[in-house]
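Below is one structure, written out as structure tokens, with a few remarks after it.
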Amino acid sequence: MTKYRIAWLPGDGIGKDVLDAARLVLDHLAFDAEFIHGDIGWEFWCNEGDPLPQRTIDLLQQVDAALFGAITSKPSDAAEAELIPELQGKGLVYRSPIVRLRQLFDLYICLRPCKAYAGNPLNYRDQIDLVVFRENTEDLYAGVEFSPIPADLKAVLTQHAPNFAPFKDLSGDQVAISCKINTLRASQRIVKAAFEFARKNGRKKVTVIHKANVVRASDGLFLQAAREVARQYPDIQWEEANVDAICMWLLKNPLNYDVLVAPNLYGDIISDLCAQMVGGLGFGCSGNIGEKLAVFEPTHGSAPKYAGQYKVNPIATILSAKMMLDWLGEVEKAKHLEAAVAAVIAEGRVRTYDMGGNHSTLEMAQAIAEKL
Ligand SMILES: NC(=O)c1ccc[n+]([C@@H]2O[C@H](COP(=O)([O-])OP(=O)(O)OC[C@H]3O[C@@H](n4cnc5c(N)ncnc54)[C@H](O)[C@@H]3O)[C@@H](O)[C@H]2O)c1
146 MTKYRIAWLP
156 GDGIGKDVLD
166 AARLVLDHLA
176 FDAEFIHGDI
186 GWEFWCNEGD
196 PLPQRTIDLL
206 QQVDAALFGA
216 ITSKPSDAAE
226 AELIPELQGK
236 GLVYRSPIVR
246 LRQLFDLYIC
256 LRPCKAYAGN
266 PLNYRDQIDL
276 VVFRENTEDL
286 YAGVEFSPIP
296 ADLKAVLTQH
306 APNFAPFKDL
316 SGDQVAISCK
326 INTLRASQRI
336 VKAAFEFARK
346 NGRKKVTVIH
356 KANVVRASDG
366 LFLQAAREVA
376 RQYPDIQWEE
386 ANVDAICMWL
396 LKNPLNYDVL
406 VAPNLYGDII
416 SDLCAQMVGG
426 LGFGCSGNIG
436 EKLAVFEPTH
446 GSAPKYAGQY
456 KVNPIATILS
466 AKMMLDWLGE
476 VEKAKHLEAA
486 VAAVIAEGRV
496 RTYDMGGNHS
506 TLEMAQAIAE
516 KL
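Position one of the sequence shown corresponds to residue 146 (the numbering used here), numbered consecutively onward.
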């Protein structure tokens with residue numbers, strides 16, 4: 146029997162290309178696992194009306210971890226138009242399967258390390274080594290949205306929220322509402338996860354990102370939770386930063402930052418900014434981590450124009466696989482893998498197109514495998 150059961154979720158477009166590359170490397174590493182394919186993505190939306198079929202949810206309940214490639218998402222009118230005729234007009238609503246996975250399995254940490262590996266020609270600045278903790282289950286991504294706004298909700302808002310006055314007479318199709326919902330529990334646990342990580346990994350500082358001066362209720366609660374948690378970690382330096390200001394400061398002085406923690410939307414934006422400083426989409430790795438399950442994925446999408454061409458950079462996915470090894474406790478294997486990636490980047494002999502080279506996805510994976 147193998148030691149681990151890993152759900153293997155290529156998804157759409159280049160998802161398959163990059164997962165094939167990760168598999169080549171994991172096999173070289175003699176990672177003792179059974180990889181079990183799971184259906185996810187656009188094809189299953191079009192043919193079954195569900196991009197995350199129940200059989201995939203069942204599979205995820207029986208594995209140790211999952212590696213996910215990418216999915217294609219399209220706006221609701223395009224989603225409806227691409228359903229097979231039998232499913233059209235049935236009121237099916239497309240929802241991103243990865244956002245659903247995060248909520249279904251309470252994968253409350255989105256962990257995104259952003260490290261500038263020496264020799265990467267795409268580094269904004271050498272020695273950047275940031276780790277972003279993004280809350281992954283609520284905030285503006287809670288999915289509580291109204292368009293059009295029901296009349297009774299409008300009446301309640303008019304009665305209870307004086308600031309709703311400028312909107313109260315607009316017709317239903319002239320205004321939309323997306324709720325930013327933060328809870329004390331989720332705010333506390335993401336900040337705690339960031340501080341625990343800092344302590345365990347000898348990190349010096351945690352920066353708490355918010356916009357509580359304007360978004361007083363939901364960000365105010367996040368900040369209050371963060372302050373309470375920070376008090377329990379007197380050994381770790383910490384600071385607060387407005388999300389707009391931190392975008393400037395990160396670009397100006399990226400080496401001043403270490404661990405960053407933020408509610409969902411700001412975390413999403415900040416982590417793309419940080420990823421771009423260390424090479425962009427070809428390097429952006431991430432983990433969606435809960436108490437029982439973790440799903441690791443590159444942060445890029447399905448890049449349809451490159452699908453099946455084995456052209457894109459697999460490093461983001463290979464580093465996501467490295468994060469999976471860490472999470473499973475295979476720390477030595479994770480270290481070897483990261484060292485192999487670092488060695489290939491430093492050597493500069495094998496580079497995919499985004500790095501200025503012309504090597505393929507699988508040639509990059511092979512070069513990394515040979516360093517193991
Ligand atoms: N988590 C996800 O699965 C996810 C994330 C973002 C976008 N999407 C979806 O992916 C589809 C395409 O979106 P998009 O084009 O805006 O973003 P994308 O990330 O798929 O690609 C944008 C561009 O970035 C470059 N790129 C992406 N990955 C790369 C890699 N590994 N190596 C080198 N270059 C790379 C390519 O030039 C590509 O055309 C959309 O349907 C979108 O909704 C999915």
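Where is the CB? At the ideal position from N, CA and C, for every residue including glycine.
Taken through DSSP and simplified to helix, strand or coil, C259 comes out as strand. Where N192 is concerned, the enclosing alpha helix (DSSP H) starts and stops at 187–193. In the DSSP assignment, W153 forms a beta bridge with H182, L212. Within the chosen limit of 7 Å, ligand 1 reaches the beta carbon of P443 through at least one heavy atom.
K450 and C255 have their C-alpha atoms roughly 27 Å apart. For K350, there is no enclosing alpha helix (DSSP H); the enclosing beta strand (DSSP E) covers residues 350–355. K516 is positioned such that its CB atom lies no closer than 8 Å to that of A479. By the Cβ neighbour-count rule, K356 is buried, with 16 or more other Cβ atoms within 10 Å of its own.
Here the region 454–466 makes no contact with the region 268–280; the two share fewer than three CB pairs at distances below 8 Å. Contact between I354 and A407 holds: CB atoms are separated by about 4 Å, below the 8 Å threshold. By the CB criterion at 8 Å, D251 and G435 fall inside the cutoff. Minimum Cα-Cα distance from A514 among the listed residues N401, P230, E483 corresponds to E483. Judged by their CB atoms, L212 and M469 are nearer to each other than the 8 Å cut-off.
The beta carbon of I151 sits closer than 8 Å to those of A178, E179, F180, I181, V208, D209, A210, A211, L212, M469, all from its chain and outside the five residues before and after it, given in chain order. Of all C-beta pairs linking the region 319–337 to the region 366–375, three or more are shorter than 8 Å, placing the two stretches in contact.
Near ligand 1, residues with a Cβ at less than 5 Å from any of the ligand's heavy atoms are A215, I216, T217, S218, L426, G427, H445, G446, S447, A448, V457, N458, D499; the list follows chain order.
Assigned with DSSP and collapsed to three states, S447 falls in coil, not helix or strand. Under the DSSP assignment, L169 falls in the alpha helix (DSSP H) whose first and last residues are 159–173. Within 10 angstroms of the beta-carbon of R376 lie fewer than 16 other beta-carbons, which makes it exposed. With fewer than 16 other Cβ atoms inside 10 Å of its own Cβ, P311 counts as exposed. DSSP places A362 outside any beta strand (DSSP E), giving it a letter other than H or E. Secondary structure at N433: strand, using DSSP grouped into helix, strand and coil. Listed as beta-bridge partners of F441 by DSSP are L212, G432. In the structure shown, the three-state DSSP call for E475 is coil. Shown here for D318: same chain residues with a beta carbon closer than 7 Å to its own, the five before and five after excluded, namely P293 in chain order. The beta-carbon separation of D499 and N458, rounded to 5 Å, stays under the 8 Å limit for a contact.
A direct Cα-Cα distance of roughly 35 Å separates N192 from A296. When the beta-carbon positions are compared, Y239 and P307 stay at least 8 Å from each other.
Contact annotation: I216 and S416 have beta-carbon atoms that are not nearer than 8 Å. Here the alpha carbons of I202 and Q248 stand approximately 12 Å from one another. Secondary-structure assignment with DSSP links L405 through a beta bridge to V277, T352.
Apart from the 5 residues on each side of it in sequence, A491 sits with its Cβ closer than 8 Å to the Cβ of Y262, A263, G264 in its chain, given in chain order.
Residue state for E227 is assigned as coil, using DSSP reduced to three classes. For Q511, the enclosing alpha helix (DSSP H) starts and ends at 506–515.
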